[in-house]
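Numbering (the numbering used here), first residue to last: 6 to 659.
Where a beta carbon is used, it is the ideal one built from N, C-alpha and C, also for glycine.
Quick caveat: nothing in here was measured; it's all calculated off a predicted structure.
Before any comments, here is the structure.
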C-alpha cells in the first residue's frame, strides 16, 4: 500500500493559499486555512483504517503494541473533527466523510463483527471515546444518524447504553457518562436520570475561584479546564430540548466560563504558544478550544477578533513547527514525536483530541467570526503581573519578547500534606510559553525551576503536598510563598502514570519556605530552611532556573543558557555561592540540548534566607535586582529603578 505524504500535501496547500493580512493581520490565517488543515488530517489517517473503517490504527514508532482501543480512539476522535467540518459546511461533503464514518460506526457497534469496538463496560477508555462519538452524532444527526436503518440505530444505542451504570474517576470523566446518556435520551434510548444528576453535582464540586475548575478533588489545574470542563457543559446543553429545565444552568456555566476565559487569554504567548504545563500535552492545539467556545456562547469578555487571534495563533504555532508530521499524522509528542511526554492512558489515536482545537469550523463562512478583524492578545497589548487565585499562579507577561511565565505555588495534582512524587508538568515552581520542563524520567538529576535538597546519593527532594502561604499583587510586582517538608522518595514499582504522582517510601528532611517575587522577566526566589532537629546535619540546597532547549550556548561562569535570543540566567544574591549550568540531552520534547542554570550552597544555614534571581528573557539582558532583608520584610530594587517591599512569612519551627 502506498502512503501519500499528507504533511507535504498540507504544507503545499497552505502555501498555495494567500495569507489574509487584512482580516488576519497577526496570523494570516482565515477559515480556509483551518479547513485545509482539518481535511488533510482526516485524509491522512484513512490509509491506517481497517477494511470496515471502524478502527484507525496509527502505528507507533517506538514499537509499542497497538490495541483495539487505539483503533477506537483513532476513529472516534477524528469523527468528532469530521463532525465539526460537516457542521460548518451544512452537510456539504466533498470528501465523503458521511459514508466513510457511517460505515465505520455501523461496523464498530455490530456485536457480530469480530472487529467490533471494545465496550464501555469492559474497557474504561471506551467510555471516553463514546463521548466523542455522541458529540459527532449529535452534530451530524440529520446527515448521518437520521439515515441509519433501525437495526443500525439499535446497535448504536445498545453500544452506548453500556455506559449506564459504569463508574469512573471523579474528574472530567463525569462528562463522558453524562453526554452519552443525554444523547441516548435525545434519541429515545435508555438513560438514568439519577446518574445525570449525580454527574452534574460532581461537576459543581470542581468549581473554584475565578471561574476555574479543578479536575477532581486535588489541586489539578491544567488544560482540562480548556478542552473539557469548560466545553462539555455547553455541548451537553445543546443536546437538551428547548424547554428542558436544565437549560437554566447556562447562565452559571457561562459566568464561570467568562471569568476563566480572561485568564486563558493571558496564558497565550505572543507566538501563539500555549503554556507547557499539565498532563495530556500531546493534545497540542486542543488548547485553542476555549476561544472557539467563546464564540459558541457569544461571550462579551473577548471580541470575535480577539477570540480568533488566540485560537488561530495556537493552532498555527504547532503547524509552523512540524505538527502534523511528514505523514500528516499527529503523534505522541509536542512538535515532533516524543513518547515520553505521553501518559500511560495515551494510545496512538489519543493525539486526535487536538480536534477540539478546530472546533471553530462549526461556524460557517458567513458567520461574523470570520469577518471580524483579528485583534491583539493581552500580551501584545500590554505586559504585566497577575495573581491567579485558583491555581495559585503568579503570572508575568512581557510584550517585548512575547513570553508568558507562571510561578507556581498552588498546583501539584495533590492536596496539602499528600506524600506523592513530584510530577514534572505540575509541581515545578515555574512554567512558560517559551520553555519546556525537564521530564526527569530521562535521567536528569536536577529538576528545572525548583528548590531542592540534594542528599548524599545525589537525589533531589520532593515538593508535592506543599502548603500555599500567601499570594497577591502589589502595584507592578507580585508575590507568593509556599511551605513543604522536604523528603526523598523511593518510588514503589508497578505503578502506572496517569499524570499524578506516584506512591513510595519517604525519608524526611527539614521544612522549606520558598517565595517568588516577580516583575517582568525577573523572579527573586527566597528560600528558608526552617530550624529544627532535622537541620542538625548540614543540607545541600540547589535553586534551579529556566530550562532552555535548542542550539544552546552555555556560560557556566555566568550561570547562563541561551538559544538564539532566548536566555535563562540565575544569580546567587545571598547564601548561594556556587553557580553553574546543567546540560541534558533528549530531556524535553523540544529538539536539541537543554541548559538549566542553578545556584547552590553545600551547607545551608537554617533560619537564614537564601536568595537567587532567575531571569527568562528574549531581549537584551538587564542587571539583576538587588535585595535587602530587614526584619520580616524584603525590599527589592528592580533593574528599571522600581522599588518594592514585601512581607516575609514567619518560620514555624516544625
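At a Cβ-Cβ threshold of 8 Å, residue 215 and residue 395 count as neighbours.
Listed in chain order, the non-local C-beta contacts of residue 276 below 7 Å within the same chain comprise 322 and 407, local neighbours out to five positions each way being set aside. Residue pairing for residue 495: DSSP places it in a beta bridge opposite 510. The bridge partners DSSP lists for residue 411 are 400 and 436. Per the Cβ contact rule, the segment 138-147 is in contact with the segment 176-192 (3 or more Cβ pairs under 8 Å). Nearest to residue 108 by alpha-carbon distance, out of 84, 399 and 139, is 84.
Around the Cβ of residue 513, a 10 Å sphere holds fewer than 16 other Cβ atoms; the residue is exposed. Looking at the DSSP output, residue 635 shares a beta bridge with 638. The C-beta separation of residue 433 from residue 465 comes to about 11 Å, leaving the pair out of contact by the 8 Å criterion. Distance from the Cα of residue 180 is smallest, within the candidate group 197, 208 and 158, for 208. Restricting attention to 344, 568 and 374, the CA atom closest to the CA of residue 303 is found in 374.
In this structure, residue 576 sits away from residue 567, with a CB-CB distance that is not shorter than 8 Å.
Under DSSP, no beta-bridge partner is assigned to residue 424. Around the beta carbon of residue 582, a 10 Å sphere encloses fewer than 16 other beta carbons of the protein chains shown; the residue is thus reported as exposed. In this structure, the CA atom of residue 32 is about 47 Å from the CA atom of residue 580.
The straight-line gap separating the alpha-carbon atoms of residue 420 and residue 471 is approximately 8 Å.
Within the same chain, 652, 653 and 655 come within 8 Å of residue 637 by CB-CB distance, once the 5 residues on both sides are set aside. Residue 467 and residue 586 have their C-alpha atoms spaced approximately 21 Å apart. Looking at the backbone, the Cα of residue 422 and that of residue 154 are separated by about 56 Å. When DSSP reads this structure, residue 615 sits in a beta bridge with 532. Following the DSSP letters along the chain, one finds residue 100 in no beta strand (DSSP E), marked with neither H nor E. If you draw a 10 Å sphere on the C-beta of residue 370, you find fewer than 16 other C-beta atoms in it, and that means exposed. In this structure, the alpha-carbon of residue 445 lies about 14 Å from that of residue 463. A residue is called buried once 16 or more other Cβ atoms fall within 10 Å of its Cβ, and residue 160 is buried on that count. The C-alpha of residue 529 lies about 11 Å from the C-alpha of residue 640.
Under the criterion of beta carbons closer than 8 Å, residue 22 and residue 37 qualify as touching, at roughly 6 Å.
CA-CA distance, residue 218 to residue 562, rounds to 44 Å.
When secondary structure is reduced to three states using DSSP, residue 128 falls in the coil class, being assigned neither helix nor strand.
Burial state of residue 504 is buried, judged by a 10 Å Cβ sphere holding 16 or more other Cβ atoms. When 459, 352 and 613 are compared, the shortest CA-CA separation from residue 534 is found for 613. Rounded to the nearest angstrom, the Cβ distance from residue 390 to residue 254 is 34 Å, too far for a contact under 8 Å. In this structure, residue 584 sits near residue 604, with a CB-CB distance shorter than 8 Å. Per DSSP, the unbroken alpha helix (DSSP H) holding residue 375 starts and ends at 373-376. Comparing alpha-carbon positions, the option among 338, 646 and 134 lying closest to residue 76 turns out to be 134.
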